[in-house]
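Asks: When you line the sequence shown up against our numbering, it's residues 1481 to 1711, in that order.
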Amino acid sequence: MSDNKRSSDNELKVFISSRDSKCDECDNELGNHAWIVLKENKGALCLTCADMDHLVFLPSGDMALTRRSKKYSRLSALVLKWSRARGRYERQGLLVENEALEKAEEECIEDAEQRKTRQAQAAIRADELDRKYIAAFSARILELFPSCPRGREKEIAEHACRKYSGRVGRSANAKELDEEAVRLAVIAHIRHVETEYDKLLSGMLEKQEARRIVYDKVGQVLKAWESEGSI
């Protein structure tokens, strides 16, 4: 292991302490929320003793500025802080050389409009792909469940495929229009819309018990929707 604690991509790391800290080299009391560097066999060092006190802090948030600042900075460090809520260290930003940050800021100003245009085009393309995916998912529902009431297939697809939802429509299998993934989306819709499932949940009934109660009804509707011309 090298003298400096590094991340998987070999970035130097600076930690914002969550308790009172002391520099093991200069013996200065650093207090709480101190910025420290961990060194093997030397403990915690303040930024001055780690020869990093000339760097400036760039908070996370601007990807282009961060990328360029890191590119131009001969020395940089990833700043991390412990999150009790999530039980892990989370990125706060970077320490970089001031000259590198200034150069990066100039470049970002110069091509801001160009990057804005590219981002807008990418967003439009993503929305277009999502519309096509939802349309394909809807068509697959009607293929597998030809008696699904017209209009419901779109409602099911839009709900199941909603971005960042973690729903079944966002799974890898669903994106391949896998029959089982589509079936699960349809079952979920039937459970919520065609049965008293939501009412049972609102009555503080456990999910598994509520599903057991509506199981037969879900099966009946599913079978009817699978049959040609049954509805």
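The beta-carbon is built from N, C-alpha and C at its ideal position, and this holds for glycine as well.
#1: Run through the stretch 1562-1641 for me and flag every whole beta strand (DSSP E) of 3 or more residues, listed as ranges in chain order.
#2: Taking DSSP's pairing of strands, which residues face Cys-1529 in a bridge?
#3: Would you be able to state if there are at least three C-beta pairs under 8 Å between the stretch 1661-1673 and the stretch 1623-1635?
#4: For Arg-1548 versus Ala-1592, is the C-beta spacing smaller than 8 Å?
#5: Rounded to the nearest angstrom, what separates Glu-1509 and Ile-1516 at their Cα positions?
#6: By Cβ distance, which residues of its chain are closer than 7 Å to Leu-1525, with the 5 residues on each side in sequence left out?
#7: Where do the ends of the beta strand (DSSP E) carrying Gly-1511 lie?
#8: Where do the N-terminal and C-terminal ends of the alpha helix (DSSP H) with Leu-1664 fall, by residue?
#9: Could you pull the DSSP bridge partners for Leu-1560 from this structure?
#10: Helix, strand or coil for Lys-1522, going by three-state DSSP, please let me know.
#11: Who does Ile-1693 pair with in a DSSP beta bridge?
#12: For Leu-1538, report the span of its beta strand (DSSP E) as first-last.
#13: Can you round the beta-carbon distance between Lys-1493 and Leu-1558 to whole angstroms, since I take them to be within the 8 Å contact cut?
#14: Given Ala-1637, which residues of its chain have a CB within under 6 Å of its CB, disregarding the five upstream and five downstream residues?
#15: Buried or exposed, going by whether 16 or more other CB atoms sit within 10 Å of the CB of Arg-1632?
Replies: Let's see:
#1: Inside the stretch 1562-1641, DSSP marks whole beta strand (DSSP E) runs of 3 or more residues at positions 1568-1576, from first to last along the chain.
#2: Taking the first residue of the sequence shown as 1, we reach residue 1529 at position 49. Bridge partners of Cys-1529: none, in fact.
#3: Contact holds: three or more Cβ-Cβ distances are below 8 Å.
#4: On the sequence shown, residue 1548 is found 68 positions in, with the first residue counted as 1. On the sequence shown, residue 1592 is found 112 positions in, with the first residue counted as 1. With contacts defined as CB atoms closer than 8 Å, Arg-1548 and Ala-1592 fail to qualify as a contacting pair.
#5: Locating residue 1509 in the sequence shown gives position 29, where the first residue counts as 1. Locating residue 1516 in the sequence shown gives position 36, where the first residue counts as 1. If you draw a straight line from the Cα of Glu-1509 to the Cα of Ile-1516, it is about 12 Å long.
#6: The residue labelled residue 1525 in the question sits at position 45 within the sequence shown. Excluding sequence neighbours, Leu-1525 sits near Cys-1503, Asp-1504, Glu-1505, Ile-1516, Val-1517 and Lys-1519.
#7: The residue labelled residue 1511 in the question sits at position 31 within the sequence shown. Per DSSP, Gly-1511 belongs to the beta strand (DSSP E) from 1509-1511.
#8: One-based indexing of the sequence shown puts residue 1664 at position 184. Counting along the chain, Leu-1664 sits inside the alpha helix (DSSP H) bounded by residues 1659-1673.
#9: Numbered from its first residue, the sequence shown carries residue 1560 at position 80. Residue pairing by DSSP puts Leu-1560 in a beta bridge opposite Phe-1495 and Arg-1571.
#10: Indexing the sequence shown from 1 puts residue 1522 at position 42. Collapsing the DSSP output to three states places Lys-1522 in coil.
#11: By 1-based counting over the sequence shown, the position of residue 1693 is 213. DSSP, once it has assigned bridges, lists no residue as partnering Ile-1693.
#12: As a position in the sequence shown, residue 1538 is number 58, starting the count at 1. Start and end: 1536-1539.
#13: The sequence position of residue 1493 within the sequence shown is 13, counting from 1. The sequence position of residue 1558 within the sequence shown is 78, counting from 1. Indeed, because the Cβ distance is near 5 Å, the residues count as touching under 8 Å.
#14: For the purposes of this step, residue 1637 is taken as the residue at position 157 of the sequence shown. Here the set comprises Ile-1614, Phe-1617 and Ser-1618.
#15: Working through the sequence shown from its first residue, we reach residue 1632 at position 152. By the neighbour-count definition (other C-beta atoms within 10 Å, threshold 16), Arg-1632 is a buried residue.
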